[in-house]
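*Asks:* Supplied in structure tokens, the structure appears directly below.
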Amino acid sequence: MATWIWILIVVLALILGLVGGFYGARKYMEKYLKENPPFSEDQLRQLMIQMGQKPSQKKLNQMMHSMQNQTGKN
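For the sequence shown, this note's numbering assigns the number 78 to the last residue and increments by one with no breaks.
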């Protein structure tokens with residue numbers, strides 16, 4: 005086989021690997037973040053206390069809901 009064919013095969017394999025790896029990693033991270041959210045309700049409560057706010061359950065629910073909506077839209 006000619007050398008240019010091998011070069012073409014290597015370049016195509018590299019491009020396909022990069023594209024496939026990118027989308028595979030993206031799907032994996034989306035699934036991971038959906039199953040393991042970065043903030044739990046207790047962590048959010050502690051954060052609000054440290055900022056000097058009194059965390060009511062209604063406010064915690066609103067913040068958790070807004071965080072879930074943001075991650076769902078991205």
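C-beta atoms are modelled at their ideal positions from N, C-alpha and C, and glycine is treated no differently.
Quantities reported herein were computed from a predicted structural model and do not represent experimental measurements.
May I ask you to report which of helix, strand or coil DSSP gives Ala6?
*Replies:* Your numbering for residue 6 matches position 2 in the sequence shown. The answer is coil: DSSP assigns Ala6 none of H, G, I, E or B.
*Asks:* May I ask you to verify whether the segment 6-16 touches the segment 24-41, counting CB pairs closer than 8 angstroms and requiring at least 3?
*Replies:* No, the segment 6-16 does not touch the segment 24-41.
*Asks:* My understanding is that Met33 touches Leu48, with C-beta atoms under 8 angstroms, so please give their C-beta distance in whole angstroms.
*Replies:* Translated into positions along the sequence shown, residue 33 becomes position 29. Translated into positions along the sequence shown, residue 48 becomes position 44. So it is not a contact: roughly 22 angstroms between Cβ atoms.
*Asks:* What number of angstroms, rounded off, separates the C-alpha of Glu39 from the C-alpha of Lys58?
*Replies:* Position 35 of the sequence shown, counted from the first residue, corresponds to residue 39. Position 54 of the sequence shown, counted from the first residue, corresponds to residue 58. Rounded to whole angstroms, Glu39 to Lys58 spans 28 angstroms at the Cα level.
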